[in-house]
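Notes to accompany the following structure.
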Amino acid sequence: VAGTPNVMKAAFTKEKDFFQDRGIQYFDPAVTFTERNLMKKQLFEALGEYLQMTEDENDFAAHEAWKAMDLFDQEMQEKGRLILEQVEQENRMAILMIGRPYHSDPGLNHGVLDEFQVLGYPVLSMRSVPKDEAWLQRFFRQDLESGRVETALEIRDVWPENFSSNSVQKVWAAKFAARHPNVAVLDLSSFKCGHD
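For the sequence shown, the residue numbers in this note's numbering are 200 to 395.
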């Protein structure tokens, strides 16, 4: 996933530089989303001069972007919660797509998610499953009461030393689906190696 910008750049510059031909400046800086101050610095170093912005403008833009991302996550999880509550009430099934971020792209998933929706199955992404501890309590109650886990969001009980954030998300989503009677899993993969 982290190497996708380099793959894209290579694909469009191998024999001919399509970016240069169209007057496009291609940027692919490494940014650390988990450390906000470092990310602001990385973005400013990569884009500040090109965009002719001050460090304060950069910091403001980054702050606004995080607010937008947080709002997006809240809205996604609220929609996910509504879908889950609806399928429970109607005793129907929803499909939880587990995969890498690029598997949400219809070109890469071959439209399979749309096909399931046409058949009447609502599709959830890993990101749309609510992360509210109080809401998750009923699904993870047994694990919490037994002391197997301390929070509903952890996976140490099944994979104690996982350091890949995407793999953590996939494993947690699978744990959630295993505990929800109205959720089936669709695991999309372009390859099966490493943590997959």
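The beta-carbon is built from N, C-alpha and C at its ideal position, and this holds for glycine as well.
Test item: CB-CB of residue i and residue j under 8 Å
i: Asp-272; j: Arg-326; result: yes
i: Gln-276; j: Pro-329; result: yes
i: Asp-227; j: Lys-208; result: yes
i: Val-348; j: Phe-362; result: no
Residue nearest to residue i in terms of C-alpha spacing, selected from the options
i: Asp-386; options: Ile-294, Pro-380, Glu-284; result: Ile-294
i: Ser-364; options: Leu-343, Asp-304, Thr-212, Phe-232; result: Phe-232
i: Glu-254; options: Lys-266, Lys-239, Val-311, Met-268; result: Lys-239
i: Gly-298; options: Val-206, Val-384, Lys-213; result: Val-384
i: Trp-334; options: Gly-306, Gly-279, Leu-307, Ser-324; result: Gly-279
i: Gly-306; options: Phe-259, Phe-362, Arg-221, Ser-389; result: Ser-389
i: Thr-203; options: Asn-290, His-302, Trp-265; result: His-302
i: Pro-300; options: Gln-285, Gln-368, Ile-354; result: Gln-368
i: Glu-284; options: Leu-323, Asn-308, Val-230, Lys-266; result: Leu-323
Supposed contact pair residue j and residue i - C-beta distance, whole angstroms, cut 8 Å
i: Leu-242; j: Ala-261; result: 6 Å
i: Asp-356; j: Asp-342; result: 7 Å
Element boundaries [beta strand (DSSP E), containing residue i]
i: Ser-345; result: Per DSSP, Ser-345 belongs to no beta strand (DSSP E); it is in the alpha helix (DSSP H), 332–345.
i: Val-230; result: Segment: none, Val-230 is in no beta strand (DSSP E) and carries neither H nor E.
i: Asp-386; result: 382–386
i: Ser-327; result: Careful: Ser-327 lies outside any beta strand (DSSP E) and carries neither H nor E.
Residue range of the alpha helix (DSSP H) that includes residue i
i: Asp-220; result: 217–220
i: Ala-261; result: 254–289
i: Leu-295; result: Element bounds for Leu-295: not the alpha helix (DSSP H) but the beta strand (DSSP E), 293–297.
i: Ala-373; result: 364–378
i: Phe-390; result: Segment: none, Phe-390 is in no alpha helix (DSSP H) and carries neither H nor E.
i: Gln-224; result: Neither: Gln-224 is in no alpha helix (DSSP H) and is coded neither H nor E.
i: Ser-212; result: Looking at the sequence shown, residue 212 is not Ser but Thr. Thr-212 -> alpha helix (DSSP H) spans 203–212.
*Report yes or no: do the segment 370–384 and the segment 243–255 share at least 3 C-beta pairs separated by less than 8 Å?*
Not touching, per the Cβ criterion.
*Is the number of C-beta pairs between the segment 286–303 and the segment 312–321 that are closer than 8 Å three or more?*
yes
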